[in-house]
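Residue numbers (this note's numbering), protein chains in the order written: chain E, 1 to 342; chain U, 1 to 342.
Quick notes on the structure that follows.
2 protein chains.
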Amino acid sequence: MKKQVPTIKEIAKQLNISVSTVSRALHDHKSIGLRTKTRVQELAKQLQYEPNQTAIFFQQGKTFTIGVILPELSEAFFSAAISGIEDAAHKGNYTVLLGQSHDSVEKEKQLIETMKKHRVDGLLISISKNTNDYSHFEALRRYNIPIVFFDRIPKIPNIHYVACNMINGTVQAINFLFTKGHRIIGMINGPEKLPASKERLDGYIQAMTKDRLKYDPALVVNCDLTTAGVIAATEKLLTGKRRPTAIVTFNDYVALDAVQTARKMKLKINKDICFVSYANLPLTNYTAYPPMASVEQFPYQQGQKATETLIELLQHKSNGDTDNSNATYYKIILESQLVLHE
Amino acid sequence: MKKQVPTIKEIAKQLNISVSTVSRALHDHKSIGLRTKTRVQELAKQLQYEPNQTAIFFQQGKTFTIGVILPELSEAFFSAAISGIEDAAHKGNYTVLLGQSHDSVEKEKQLIETMKKHRVDGLLISISKNTNDYSHFEALRRYNIPIVFFDRIPKIPNIHYVACNMINGTVQAINFLFTKGHRIIGMINGPEKLPASKERLDGYIQAMTKDRLKYDPALVVNCDLTTAGVIAATEKLLTGKRRPTAIVTFNDYVALDAVQTARKMKLKINKDICFVSYANLPLTNYTAYPPMASVEQFPYQQGQKATETLIELLQHKSNGDTDNSNATYYKIILESQLVLHE
DNA sequence: GGTTTTTCCGCAAGCGTTTGCACATCCATT
DNA sequence: AATGGATGTGCAAACGCTTGCGGAAAAACC
C-alpha cells in the first residue's frame with residue numbers, strides 16, 4: 001500500500017519544484033517556462049496523475065453537478081426526460097445526481113436536503129403530485145442554488161421552468177377530428193384538480209367553441225386514471241344521451257383501456273368510435289387498435305431544454321451576477337404537437 | 001452579500017470557542033460538556049448551519065456517491081433498473097451519479113473518467129453492447145473503486161456481478177408450452193453473438209432435449225430485433241418444413257411484431273399459433289394479442305440487488321480490508337421466472 | 001555597466017472539516 | 001496536601017488544489 005494515487009505534491013517533490021508551479025504547469029499557465037512545463041506534464045502522464053476533483057470542488061465551491069429530482073424513474077415519460085437531461089448535462093460538462101421522490105413529499109424534502117449537502121450547482125425538479133408546500137425549495141435560495149422546474153410546476157411566482165403547453169395540442173387534436181367529420185367529441189380527462197387536466201380541458205373548450213359547436217359539459221368526464229375508473233368513464237360517455245363518435249383521452253394508457261371497453265360494447269374502433277390521446281408512447285405501434293393520433297409532449301426535449309436553461313443560469317451566476325436581483329425568470333413553453341399514427 | 005452560508009468557523013467565533021469544539025459538539029462527541037454542546041447546537045440551528053459536504057468528502061476521501069452507467073435510460077428495462085438502484089442507494093445513504101453510454105464505447109470511457117474524477121465510492125455498470133476492451137475498468141482498481149456489473153456482464157475473471165439467469169425461465173416457458181400440448185416449438189432469438197441470445201438458446205435446447213423431443217436447429221432463427229428482421233424470421237419459421245405451434249421470442253417487442261406477422265398470414269393467435277416471450281413489459285396488458293406468458297427478468301430487483309452488493313463491498317472496504325487480496329467475488333444470479341398473462 | 005523590463009518560479013494563505021494530542025480544570029481519593 | 005483520574009477544551013496539522021503577490025534571475029534597453 002503505497003501512495004495509491006499521485007498528487008500534485010508528489011510531482012512537485014520528484015521534480016524538486018513547488019506545488020504551485022506544478023499546478024500552473026498542468027494548466028498551461030503562461031508564466032511557466034516551456035522547459036519545466038513539459039517536464040511536469042511528462043511526469044504527470046507517466047504517473048497517471050489525475051486531479052482530485054473533490055479537492056477542486058471544495059476549493060472552488062463548485063461541483064459541476066446538477067441535481068435531478070423526478071417522481072418516478074420507471075415511467076416512460078420521465079425515463080425519456082432523464083435521458084434528455086443526461087445528454088444535455090454531459091454536453092455541458094456537468095454530471096447528474098439523481099433522486100426519485102415516488103411522489104412522496106417527505107422523500108422530496110429529503111432529496112433536496114441531500115442535494116443541498118452535496119452542494120449541487122443547480123437543481124432540476126419535476127415536483128411530486130402531492131407537493132403543495134414549497135418552503136423546501138425556498139431554502140435553496142440562500143445557498144444560491146438555482147432551480148429549474150419542468151413538466152410539473154409549482155404554482156409560485158418567480159421561478160424558472162420548462163413545460164409543455166397542452167392547449168395547442170388539444171386544439172390540434174380536436175381540429176383533426178373535426179376535419180374527419182366528427183361533431184360530437186368526448187373527453188376522458190384526468191383528476192379534476194390536476195393542472196394537466198385543466199389544460200386539456202381548456203384546450204378542448206377553446207377548440208370546440210371556436211365558431212363551430214358549443215361546449216357540452218356532459219361530454220367531458222373525469223377519472224382517476226385507474227383501469228376501473230377508465231372503464232366507468234368510457235361507459236358513461238358511450239351510453240350518454242349524445243354519444244360521441246370520437247373521444248380524446250388523457251393519455252395512451254387511458255386510451256388503451258377505453259378502447260378495450262368500447263370493443264366490449266361491440267363498437268367498431270375507428271368506425272363507430274375513434275380515439276385520440278396524449279403521450280405517444282412507443283407501445284402505440286404495437287397495439288391492435290392504437291389511438292388514431294397522440295399529442296406528443298416531447299419529454300426528451302423538455303428534459304434537454306430544462307438542463308440547457310439551468311446550465312445557462314449557472315454560467316451567468318459564475319459571471320459575477322452575484323444574485324438574482326436583476327432577476328429575469330425563464331418561462332419556457334414547448335408546444336405539444338399532434339402526431340398521426342400510421 | 002454577507003456570509004451566504006454559515007460555517008463551523010462562524011459558530012466558533014460567535015461563541016468564542018474553537019472550531020474543534022464546535023465540530024465535536026455537533027457530532028455529540030462525549031468529551032464535550034453538556035453546556036457548550038447545547039449552546040453550539042442551538043446556535044447551529046438558529047443559523048441554519050449545514051455542514052459543507054464537499055469539504056467533508058474531500059477531507060474523508062469518501063463521497064457517499066455511487067456512479068451508475070447504463071446503456072439507455074429510456075429503455076423500459078433500464079429505467080426499471082435505475083429505479084431499483086436509486087431506491088437501494090437512498091436506503092443505504094448513498095446518492096447516485098448517473099450516466100448513459102448510448103451503447104457507445106467512447107462515451108462509456110468518458111463516463112468512467114468522469115466518475116473517477118468525481119471520486120465516486122463505487123460503480124455500477126451495465127456495459128455497452130460494443131464493449132470488448134476492458135482496460136478502462138481496470139484503471140479503476142488503483143483508485144480502489146469497486147465495480148459491480150449487472151445484466152450486461154463483461155467476460156473477464158474476478159469481477160462482481162448481478163445477473164438474471166435466463167436458462168431457468170426459458171425451461172419454464174418450454175415446459176409450460178409442453179403441458180399445453182405443444183410439441184413443435186420454435187424460437188425467434190436475438191443476434192447470435194449476444195450473450196443473452198446464447199442463454200436463451202441453451203435453455204431452449206436443455207428443455208427440448210430433456211427426455212422428450214430432440215433439438216431441431218431449423219426451429220431456431222436469429223434476428224436483429226428490428227421489425228423487418230422479426231417479420232422475416234417469423235415468416236421463415238411459419239413457412240418452414242415443420243411449422244411450430246408455439247414460438248418463444250427474444251422479448252416482448254419481438255413478440256408483438258411476430259404476432260402481427262402471424263395474423264397477416266391468417267393464423268389465429270392462441271389457436272394456430274401461441275407466443276411466449278421475455279421481459280413482461282407493462283404494455284402486454286394492453287395489446288389485443290399479448291404473448292401467453294413472459295419470462296420476467298426483474299430489472300428493478302437486479303438494480304436493487306446490485307446496489308446492495310456494492311454498498312456491502314464499500315462497508316467492507318472502510319472496515320480496513322485495505323485491498324482485495326482476500327478477494328471473494330460476488331456472483332449473484334437471480335432466477336428469471338415465467339409469468340402467465342391473464 | 002547600470003537600469004528597466006520580462007520571464008519564470010516559490011511562498012503562503014485559504015477553502016471547511018476532522019482528529020490526535022496536549023493542556024487545563026475540577027473533583028475525589030489517599 | 002499531594003496524587004490521580006475524569007472531564008472539558010484548544011492547537012495545529014492534514015486533506016489537494018488554486019492563486020495573489022513578491023522576488024530572483026535573465027534578457028533587453030540606453
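Ideal placement from N, C-alpha and C gives every residue a C-beta, glycine not left out.
Pull up the distance between the alpha-carbon of Q100 of chain E and that of P71 of chain E, whole angstroms please.
5 Å
Work out the CA separation of Q48 of chain E and L123 of chain U for me, nearest whole Å.
Between the alpha carbons of L123 of chain U and Q48 of chain E lies a gap of roughly 20 Å.
Taking all protein chains shown into account, decide if H341 of chain U is buried (16 or more other Cβ within 10 angstroms of its Cβ) or exposed.
exposed
Along the chain, where does the beta strand (DSSP E) containing Y330 of chain U start, and where does it finish?
That residue, Y330 of chain U, is in no beta strand (DSSP E); it is neither H nor E in DSSP.
Find out if the Cβ-Cβ distance for the pair I167 of chain U, D224 of chain U is shorter than 9 Å.
no
Bridge partners of S294 of chain U, per DSSP?
U:S277, U:V339
So, is the C-beta of Y134 of chain U closer than 9 Å to a C-beta in chain E?
no
Distance, Cα to Cα, A233 of chain E vs I188 of chain E?
7 Å
Just to confirm the assignment: which complete alpha helix (DSSP H) runs, minimum length 4, are found wholly within the region 243 to 267 of chain E?
If we require 4 residues or more, the alpha helix (DSSP H) runs fully inside the region 243 to 267 of chain E come out as 252 to 264.
Which first and last residues belong to the beta strand (DSSP E) in which H136 of chain E is found?
Per DSSP, H136 of chain E belongs to no beta strand (DSSP E); it is in the alpha helix (DSSP H), 135 to 138.
Residues of chain U with CB closer than 7 Å to the CB of E86 of chain E, please, in chain order.
L73, L98, G99, Q100
Return the residues of the region 290 to 314 of chain E that lie within a Cβ-Cβ distance of less than 8 Å from chain U, sorted by chain order.
Y300
State the Cα-Cα distance for the pair F150 of chain E and K198 of chain E, rounded to the nearest angstrom.
17 Å
Could you check what DSSP says for N165 of chain U in three-state terms: helix, strand or coil?
strand
Give me the residue from E:T309, E:T7, E:E10, E:P6 with the minimum Cα distance to F160 of chain E.
According to the sequence displayed, residue 160 of chain E carries His and not Phe. The shortest Cα separation from H160 of chain E among E:T309, E:T7, E:E10, E:P6 belongs to E:T309.
Return the chain-ordered ranges of every beta strand (DSSP E) run that is complete within the region 90 to 120 of chain E and spans a minimum of 3 residues.
You should have 95 to 100.
Any beta carbon from chain U within less than 9 Å of P51 of chain E's own beta carbon?
It does; some Cβ of chain U falls within 9 Å.
Check each residue of the region 123 to 148 of chain U: if its Cβ is closer than 7 Å to any Cβ of chain E, include it; give the result in chain order.
R142, Y143, N144
Is I17 of chain E helix, strand or coil when you go by DSSP?
coil
If we ignore side chains and look at the alpha-carbon of each, how far apart do K2 of chain E and Q14 of chain E end up?
Since pLDDT at K2 of chain E reaches only 44, below the 50 mark, its modelled position is unreliable, and the value read off the structure follows with that caveat. For K2 of chain E and Q14 of chain E, the distance between alpha carbons rounds to 15 Å.
Hey, I8 of chain E and S31 of chain E: beta-carbon distance below 9 Å or not?
no
If the cut is a Cβ gap below 7 Å, which residues of chain U does S83 of chain E touch?
At a C-beta separation below 7 Å, S83 of chain E has these neighbours in chain U: L73, S74, Q100.
I need the boundaries of the alpha helix (DSSP H) containing V221 of chain U, first residue and last residue.
Note, V221 of chain U: premise wrong, no alpha helix (DSSP H); beta strand (DSSP E) at 220 to 222.
Do you know whose CA, among E:V295, E:D252, E:I247, lies nearest I273 of chain E's CA?
E:I247
Under 7 Å between beta-carbons, which chain E residues line up against S18 of chain U? List them in chain order, please.
Within 7 Å Cβ-Cβ: nothing; S18 of chain U doesn't reach chain E, min ~21 Å.
List the whole-angstrom C-beta distance separating N251 of chain U from A279 of chain U, where the pair is believed to meet the contact cut-off of C-beta under 8 Å.
Your pair N251 of chain U and A279 of chain U checks out as a contact, with CB atoms roughly 5 Å apart and the cut at 8 Å.
With DSSP as the reference, identify every bridge partner of I69 of chain E, one or two as the case may be.
E:G99, E:I125
How is N130 of chain E classed by DSSP in three states: helix, strand or coil?
coil
Are the beta-carbon atoms belonging to G386 of chain E and K305 of chain E less than 9 Å from one another?
Chain E is shown only over 1 to 342; residue 386 of chain E falls outside these bounds and no answer can be derived.
Can you tell me which of the three DSSP states M1 of chain U falls into?
Its pLDDT being 40, under 50, M1 of chain U is placed unreliably in this model, and the value from its coordinates should be taken loosely. M1 of chain U: coil per DSSP, three-state reduction.
List the residues of chain E that H118 of chain U touches, going by C-beta distances under 8 Å, in chain order.
Q53, T54, T65, T95
Look up G186 of chain E in the DSSP assignment and say whether it is helix, strand or coil.
Three-state result, G186 of chain E: strand.
Using only alpha-carbon positions, find the residue among U:P154, U:L98, U:P191, U:K268 that is nearest to K331 of chain U.
Comparing Cα positions, the closest option is U:P154.
Which chain E residues are close to T209 of chain U, counting only those with a beta carbon under 9 Å from its beta carbon?
None at all; the shortest Cβ gap to chain E is about 33 Å.
For G61 of chain U and chain E, any beta-carbon pair shorter than 9 Å?
yes
Curious, which full-length beta strand (DSSP E) runs of at least 3 residues does the region 195 to 241 of chain E contain?
The qualifying runs are 220 to 222.
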